[in-house]
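A.B. asks: Can you read through this structure? Questions will come right after.
Number of protein chains: 2
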Amino acid sequence: MTLSIGMLARRAGAKVQTIRYYEQIGLMAEPIRTYGGQRRYEEDAVKRLSFIRHARALGFSLDQIRNLLELADDPKRDCTAADSIAREHLAAVKAKIAALNSLKRELIRMVDCCDGTDTAHCRVIETLANHDLCASPNHEPVQ
Amino acid sequence: MTLSIGMLARRAGAKVQTIRYYEQIGLMAEPIRTYGGQRRYEEDAVKRLSFIRHARALGFSLDQIRNLLELADDPKRDCTAADSIAREHLAAVKAKIAALNSLKRELIRMVDCCDGTDTAHCRVIETLANHDLCASPNHEPVQ
DNA sequence: CTTGAACCTACATCTATTGTAGAAATAAGA
DNA sequence: TCTTATTTCTACAATAGATGTAGGTTCAAG
Numbered sequence: 030m031t032l033s034i035g036m037l038a039r040r041a042g043a044k045v046q047t048i049r050y051y052e053q054i055g056l057m058a059e060p061i062r063t064y065g066g067q068r069r070y071e072e073d074a075v076k077r078l079s080f081i082r083h084a085r086a087l088g089f090s091l092d093q094i095r096n097l098l099e100l101a102d103d104p105k106r107d108c109t110a111a112d113s114i115a116r117e118h119l120a121a122v123k124a125k126i127a128a129l130n131s132l133k134r135e136l137i138r139m140v141d142c143c144d145g146t147d148t149a150h151c152r153v154i155e156t157l158a159n160h161d162l163c164a165s166p167n168h169e170p171v172q
Numbered sequence: 030m031t032l033s034i035g036m037l038a039r040r041a042g043a044k045v046q047t048i049r050y051y052e053q054i055g056l057m058a059e060p061i062r063t064y065g066g067q068r069r070y071e072e073d074a075v076k077r078l079s080f081i082r083h084a085r086a087l088g089f090s091l092d093q094i095r096n097l098l099e100l101a102d103d104p105k106r107d108c109t110a111a112d113s114i115a116r117e118h119l120a121a122v123k124a125k126i127a128a129l130n131s132l133k134r135e136l137i138r139m140v141d142c143c144d145g146t147d148t149a150h151c152r153v154i155e156t157l158a159n160h161d162l163c164a165s166p167n168h169e170p171v172q
């Protein structure tokens, strides 16, 4: 039994358009079509799409996922390569957590000092207007 | 003394194109022009742009910044409004940290089990292929 | 055979920039 | 004043990772 794109979407937790998008960028193979031109998928497409969605949920980029899929497709899997992609991503995640934590501290500082009575001096706005806090130029915005 | 767009960029830590973009979307006012058509900025543009860049560095969206700027421009500042924007953002940051922390745990689990000798069973790939880990459909990818 | 849901393509939209091409303006030095 | 290097100008395209839309077709059930 084959699956329509909508059924595949439900099975793997993705939007229909997202599947077509993945096909377009070459992450999912072009499936067979009905005489009317509709896509029909085999069971293994569910696995592949689930893999992609899960990796996305873990924050891997589509490029990283493309690499992981190549490794997964390879019969003589190179575990160390997949491992290093995951490690690299782990390091990025750790760095992002650290950045967000210092961000959190600064936000708490902004928010804590404002008791709502002193409307003339708004801590939030003053903090953002304060040049010292972003003294170094060309800092990257933390997403 | 007025500033060229390049000097403003250097003073506030932004790219020239970014300034033109901010003007285009109405975050920065249109400055006066020379007879030749080049932009010339007053000193206060440095402050405003620094405010924006700093807020961006703290992860505020341009829409949030637009709101903060309106509040900052208002002579009778409503501190509580700015405060609630910052609090809202703080909550989002906290949520993102929590999501990244569980992500980190899962990545560590993936990576720790692979000692590099057992190449037949790649933990990383198997974890991603495992359906159970993302059982609920329509989960949002954590950015 | 009809009807409504799902599907098709192609294009636009979103965020927040960054990069490009090709032309014009400006500032500094000779 | 002339030249030249740097900067600036506009307009458009690209990035990631999808999502939304319009207008039309196909499919499956009754």
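First to last, the protein sequences are chains C and L.
Be aware that the first sequence starts at 30, since it is given in this note's numbering, and climbs by one per residue.
Be aware that the second sequence starts at 30, since it is given in this note's numbering, and climbs by one per residue.
Glycine included, every Cβ here is placed at the ideal spot set by N, Cα and C.
1. Which runs of the alpha helix (DSSP H) fall wholly inside the segment 92-143 of chain L and span at least 4 residues, in chain order?
2. Name the residues in the segment 79-111 of chain L whose C-beta lies less than 7 Å from a C-beta of chain C; which are they?
3. Compute the distance between the beta-carbons of L:Y76 and C:A158, then report whether it is under 8 Å.
4. On the three-state DSSP scale, how would you describe C:L32?
5. Kindly list, in the order they appear in chain L, the residues whose Cβ is closer than 9 Å to that of C:L129.
6. Let me see if you follow: with CB-CB separation under 8 Å, is L:I137 close to chain C or not?
7. Taking only runs of the alpha helix (DSSP H) that begin and end inside the segment 32-56 of chain C, which ones reach a length of at least 4 residues, in chain order?
8. In chain C, what lies closer than 7 Å to L:A115 by C-beta?
9. Tell me the DSSP secondary structure of C:A158 in three-state form.
10. Can you find a C-beta in chain C that's less than 8 Å from the C-beta of L:L119?
11. Using 8 Å as the limit for Cβ to Cβ distance, is C:R158 near chain L?
12. So, are the CB atoms of C:A111 and L:C108 less than 8 Å apart?
13. Does any residue of chain C have a CB that is nearer than 8 Å to the CB of L:R49?
14. Do the CB positions of L:L119 and C:L136 come within less than 8 Å of each other?
15. If you compare alpha carbons, which of C:L56, C:T156, C:V122 is closest to C:R134?
16. Spatial neighbours of C:E209 within its chain, please: CB distance less than 7 Å, with the 5 preceding and 5 following residues excluded, ordered by chain position.
17. Cutting at 7 Å between CB atoms, please list the residues of its own chain near C:A86, excluding the five before and the five after it.
18. At a CB-CB cut-off below 7 Å, which residues of chain C make contact with L:L132?
19. In angstroms, rounded to a whole number, what distance separates the CA positions of C:I54 and L:V153?
20. Name the two residues that bound the continuous alpha helix (DSSP H) containing L:E72.
21. Could you tell me whether the segment 87-104 of chain C touches the segment 64-71 of chain C, using the rule of 3 or more Cβ pairs below 8 Å?
22. Mind checking whether C:G42 and C:R82 have CB atoms under 8 Å apart?
23. Would you call the CB atoms of L:L78 and L:I48 closer than 8 Å?
24. Using C-beta distances below 7 Å, list every residue in its chain close to L:L37, excluding the 5 sequence neighbours before and after it, in chain order.
C.D. replies: So, from the data block:
1. 108-141
2. S79, F80, R82, H83, A84, R85, A86, L87, G88, L97, L100, A101, R106, D107, C108, T109, A111
3. The amino acid at residue 76 of chain L is misidentified as Tyr; the sequence shows Lys. Yes. Within cutoff.
4. strand
5. G88, V122, K123, K125, I126, L129
6. yes
7. 34-41, 45-53
8. L136, M139, V140, V153
9. helix
10. yes
11. The question names Arg, but residue 158 of chain C in the sequence shown is Ala. C:A158 counts as touching chain L.
12. no
13. no
14. yes
15. C:T156
16. One cannot answer for residue 209 of chain C here, as it falls past the ends of chain C, which runs 30 to 172.
17. none
18. L87, G88, V122
19. 23 Å
20. 72-86
21. no
22. yes
23. yes
24. I48, Y70, A74, V75, L78
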